[in-house]
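Here is the structure we will look at, set down as structure tokens.
Number of protein chains: 2
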Amino acid sequence: MTVWISRRPDADVAAELKASRGPLTGVRLAVKDNVDVAGLPTTAACPEVAYRPQRDASAVAALRAAGAVVVGKTNLDQFATGLVGTRSPYGAVSDIGTDTAGSGRVPAGLQGIVGIKPTLGVVSTDGVVPACESYDCVTIFAPNLELANRAMGVMAAGATDRTWPCDVRLAAPPNPVVAVPNELPELDREWRSAFDAAVGKLTDAGARVVTVDITPFLAAAKLLYDGALVSERYAAVGEFIDAHPDAAIDPTVRRIISAARDIPAHRLLRDRREVNRLRAVAMMALDGVDALVVPTAPMHPRIDEVAADPVGVNSRMGIYTNFCNLFDLCAVAVPAGTAGQAQFGITVLARAFEDAVAMDIAALASEDEAPVDVWPLAVVESVELVVFGAHLRGGPLAHQLTDQGARWAGEVTTAPRYRMSVLPTVPAKPAITRVPDGAQGTELNGHRWVLSPAALGRFLAALPAPMQLGKVEFDDGTWRTAFGCDAAAATGADISVYGSWPAAIEAGAVG
Amino acid sequence: MTVWISRRPDADVAAELKASRGPLTGVRLAVKDNVDVAGLPTTAACPEVAYRPQRDASAVAALRAAGAVVVGKTNLDQFATGLVGTRSPYGAVSDIGTDTAGSGRVPAGLQGIVGIKPTLGVVSTDGVVPACESYDCVTIFAPNLELANRAMGVMAAGATDRTWPCDVRLAAPPNPVVAVPNELPELDREWRSAFDAAVGKLTDAGARVVTVDITPFLAAAKLLYDGALVSERYAAVGEFIDAHPDAAIDPTVRRIISAARDIPAHRLLRDRREVNRLRAVAMMALDGVDALVVPTAPMHPRIDEVAADPVGVNSRMGIYTNFCNLFDLCAVAVPAGTAGQAQFGITVLARAFEDAVAMDIAALASEDEAPVDVWPLAVVESVELVVFGAHLRGGPLAHQLTDQGARWAGEVTTAPRYRMSVLPTVPAKPAITRVPDGAQGTELNGHRWVLSPAALGRFLAALPAPMQLGKVEFDDGTWRTAFGCDAAAATGADISVYGSWPAAIEAGAVG
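Taken in sequence, the protein lines are chains H and E.
If you count by my numbering, then the first sequence holds residues 726 to 1236, one letter each, in order.
If you count by my numbering, then the second sequence holds residues 726 to 1236, one letter each, in order.
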């Protein structure tokens, strides 16, 4: 199988790399050949449908504007019906993929790289050849979580088809609840051991692991292949295939798609209702769970095994990926060691829009750090809150923020215009008040959280007296939303000299 | 045409009315006979499908629990394919309806009553015979806006199929932008005059009226009847109809539904894509518009006119209602005088979940007051904010709240523990600070707003120093989220004696 369907001249690529500027400077980009790149033909691996697009797909345009340089277009199963491997002789490489049933994850698992399949619709499919329109998703492959995260942020900021909710969680909680399947069909002993090791690593990192009945997930996967949903593929390319009996269409692809022509609409409606029913069952099973973790693929078949049973092997390969888009989940596939000679990978699945939660838990399970600037922050409306006392990371009330998906964003220091005193509350809290103009104040250390607007509104609505929220001046001249206090209540001991609440506690100056 | 398909015995109704308790005490309820009432048969006007449900539909259960008493089940076009009149010999009556193409609005327009068709899915369709499942909606009819609002609040609080967004607008802005169609097909001169008069009333009430191209709305309406969407009706009852060739099925209904059996799925997908495309065009045309106002029906045909051209008259009757659920809009139909001898009504349409906006604008256009407790408040997560200065209703910064859909909720008075001073800001603002324990404070008047959590979070994030938000104590002993101030900035003249910011301005005590 050819890796490249079209390549740009090396000299062009080298020249663009030299001139490239932006957050993705120096990143080479391979683009699956069902996604438009201006000037290169889009074939979807079917020469008869090839066209030469005038402009990049939105996702490609965003990555190029950020400095990434397109190397060429990669091969794929015709009309994006299968899996594509990804390898490169170059250094840092991102690869735009698409994922309806698992093509943005399975190859990552088999190759020991990272694949991010974001929530459906948060990256525009403008400029992508439709395969199964309701469930098509633009994805990214990259050698590590950091680069994949950076590329996703750029791509998602480019254009979206769907609005993010204004109470979206921007981080996993400190001790996430992770579900694993109660059974692991299709995995042999070595692959099971590899999965157990990956789950053990999550536990070691602080996750609480529970089991979930995998039945409704697998039942939905069957509907993707065996039911009426395949009529979406006919809607995409069926009329072309029927009108071109002599076109070079793969016989299996032609058979599957042409057979979908006569599926009646009421059967599609029935199957979609069944998907929704299974989804409701699955979501109930995941109540209280932050993410589901599964093997990305159950095995790594040889080419002769695929040839001997193409449909069966393909179905088995997708057992842990097929349900994802049907259930409107997002997913991050990360390497997790080896199973015998094969690369092994796991996939972290979270609810729609909880992409940041999936990223954090994927990082827990992998060798990579969770990115501070997790990619949804590049596109989601977020606000900030600076805290000084019980809401510091690790503090007794920090859960009021982390339960709502607030993301810790580092330490900050106020301008030397404040004082800190002790409030007689339970738990003890500091009162931060600004000193009058001309008076001597202190620089105080705090923590910055980013959170959704709704999370901030709920937090304020639940905040008891005498705490207040408003703008505080910081040492870099910024004014940020932060904790203040009703001055009438700030009558306790002045502990400004300690510079931070933890230091005051450490010194025994609090209560 | 019979009004009632089944009636409960008068004695039972009278006994329940006597015992009824709750917000709907004394309200008689008629239920369209495609909605389950425990103990009465559900027929959908087809005796062969009749069943006797064990329990009420969610919407019915909620209304009964609130004190409403079911009188009986009303007639309908078979399988809810047409319009139902509503009349009653009783006093206050609510009538549960359903609305796919307009059946929750057209009868209200023709009878001079109020019909509320809420956003799809915010009232559960559990216990309702499906007609066209993706677009079926439970509705309420009532003689006036106040009772319709009260019943909707109860019904929506009962059970929902869809989550409200956390930044939903809870009120129309003080001077809403209202779109009217650039053309009014099917209206004769008298009906046009009645519509113009209704629009004039909106203008007099402060609305800004703009025109919008009605073409994409009418194009979508055609798809509902002439396209593949009718396959949803086959999915609902088609197999029953085909299996019972001798059942008493209305010949037109049988013809429409049976013909939908062989519509291929890819045609349904194509039509849905077209609906989405038209919706995008329509929504772009409504950018910056708070509501679209249309005649509820274009005419009131006589029965002999319907008999002469059943399909044509039916299509024309739905011209201003059919697009609503396809475009995921909510609607409130209110009486608006007469057109010749006929009742005339208009419908206010707003975006999904902007039901409160539609209610407010409907009230502007009608004889009724906008309800303070508009029904979405009964189900939507909301928070509150008490303001004392520039954000009072009518104040120079009130738009910061009303632009985000905050709803004015009355005047409130603090406990006598506060002082008010003047801040040297532009515009001038009051600083509200709590006096120290033991010191003499003042009762201060403010305004209470209710708003979404996201609106409060955004408001806080944009709030400049020295303003702060936190809990303030009120004269009824409650502590509510309200404006405070950084005490270091509250150094201006004490104006507590005036009791409120407007009184201080009136007295010339501010700047």
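Glycine included, each C-beta is placed from N, C-alpha and C at the ideal position.
Note that the coordinates shown come from a computational prediction; the quantities given were computed from them, not determined experimentally.
For residue j and residue i, the rounded distance between their alpha carbons
{"i": "A797/E", "j": "A1103/E", "result": "Going by the sequence as given, residue 797/E is Gly instead of Ala. Those two C-alpha atoms are separated by around 27 Å."}
{"i": "A755/H", "j": "T936/H", "result": "38 Å"}
{"i": "S1146/H", "j": "L1194/E", "result": "20 Å"}
{"i": "P1245/H", "j": "M877/H", "result": "Any question about residue 1245/H goes unanswered here, given that chain H covers just 726 to 1236."}
{"i": "D938/E", "j": "M1009/E", "result": "11 Å"}
{"i": "P1141/H", "j": "V1082/H", "result": "36 Å"}
{"i": "W1100/E", "j": "P843/E", "result": "10 Å"}
{"i": "L808/E", "j": "V839/E", "result": "Low local confidence applies: a pLDDT of 46 at L808/E is under 50, so the model's placement there is unreliable, with the coordinate-based value given in what follows. Taking the straight line joining both Cα atoms gives about 15 Å."}
{"i": "L895/H", "j": "G931/H", "result": "19 Å"}
{"i": "L1176/H", "j": "H1124/H", "result": "13 Å"}
{"i": "S1091/H", "j": "A1058/H", "result": "10 Å"}
{"i": "L993/E", "j": "F1208/E", "result": "54 Å"}
{"i": "Y967/E", "j": "D987/E", "result": "In the sequence as presented, Tyr is not what sits at residue 967/E; that position holds Asp. Taking the straight line from one Cα to the other gives about 12 Å."}
{"i": "V978/H", "j": "L1185/H", "result": "56 Å"}
{"i": "T799/E", "j": "G764/E", "result": "15 Å"}
{"i": "V1112/H", "j": "V1105/E", "result": "29 Å"}
{"i": "G1224/H", "j": "G1224/E", "result": "40 Å"}
{"i": "R1118/E", "j": "L1126/E", "result": "9 Å"}
{"i": "A744/H", "j": "G1070/H", "result": "36 Å"}
{"i": "V1151/H", "j": "A1187/E", "result": "30 Å"}
{"i": "R914/E", "j": "A1032/E", "result": "24 Å"}
Simplified DSSP assignment, three categories, for residue i
{"i": "T928/E", "result": "helix"}
{"i": "N800/E", "result": "coil"}
{"i": "C1210/E", "result": "strand"}
{"i": "C857/H", "result": "coil"}
{"i": "P1227/E", "result": "helix"}
{"i": "E1079/H", "result": "coil"}
{"i": "N874/E", "result": "helix"}
{"i": "Q1129/E", "result": "coil"}
{"i": "F1048/H", "result": "helix"}
{"i": "G747/E", "result": "coil"}
{"i": "I821/E", "result": "strand"}
{"i": "G1163/E", "result": "coil"}
{"i": "G810/E", "result": "Only weak support exists for where G810/E lies, its pLDDT of 36 falling under 50; the value from the coordinates is given anyway. Correct three-state label for G810/E: coil."}
{"i": "H1172/E", "result": "strand"}
Nearest-angstrom Cβ-Cβ length linking residue i and residue j, presumed shorter than 8 Å
{"i": "F1007/H", "j": "F942/H", "result": "According to the sequence provided, residue 1007/H is Ala. The question's Phe does not apply to it. Confirmed, Cβ separation roughly 6 Å."}
{"i": "L742/E", "j": "V794/E", "result": "5 Å"}
{"i": "L870/H", "j": "D1053/H", "result": "Contact flag wrong, Cβ pair sits at about 23 Å."}
{"i": "A1131/H", "j": "A953/E", "result": "So it is not a contact: roughly 46 Å between Cβ atoms."}
{"i": "D761/H", "j": "D781/H", "result": "6 Å"}
{"i": "A1115/H", "j": "K1154/H", "result": "5 Å"}
{"i": "T1158/E", "j": "A1213/H", "result": "7 Å"}
{"i": "T1167/E", "j": "G827/E", "result": "Wrong, their Cβ atoms sit about 56 Å apart, outside the cutoff."}
Own chain, CB closer than 7 Å to residue i, minus 5 neighbours either side, in chain order
{"i": "P890/E", "result": "F1078"}
{"i": "L1181/E", "result": "V1108, L1110"}
{"i": "E911/H", "result": "P1023, M1024, R1041, I1044"}
{"i": "A897/E", "result": "D1015, V1082, D1085, I1086"}
{"i": "A1088/H", "result": "L870, E1094, A1095"}
{"i": "A985/H", "result": "V955, S956, R958, Y959, G963"}
Beta-carbon proximity list for residue i, same chain, < 6 Å, skipping 5 on both sides
{"i": "F1048/H", "result": "F942, A945, A946"}
{"i": "G846/H", "result": "D886, R887"}
{"i": "A1156/E", "result": "S1146, L1148, C1210, A1215"}
{"i": "A740/H", "result": "none"}
Close beta carbons around residue i, own chain, < 8 Å, minus the five adjacent residues each side
{"i": "A961/E", "result": "F804, V854, P855, A856, C857, E858"}
{"i": "A918/H", "result": "One point to set straight first is that residue 918/H is Ser, not Ala, in the sequence displayed. Excluding residues within five positions, the ones whose Cβ falls inside 8 Å are A1064."}
{"i": "T767/H", "result": "D758, N759, V760, D761, A775, Y776, R777, P778, K798, V854"}
Exposure of residue i, with buried meaning 16 or more beta-carbon neighbours within 10 Å
{"i": "Y776/E", "result": "exposed"}
{"i": "Q1129/H", "result": "buried"}
{"i": "T864/H", "result": "buried"}
{"i": "G1171/H", "result": "buried"}
{"i": "P1191/E", "result": "buried"}
### Query
When you check each C-beta in the stretch 922-951 of chain H against every C-beta of chain C, which residues fall closer than 9 Å?
Among the protein chains in the structure shown, which are H and E, there is no chain C.
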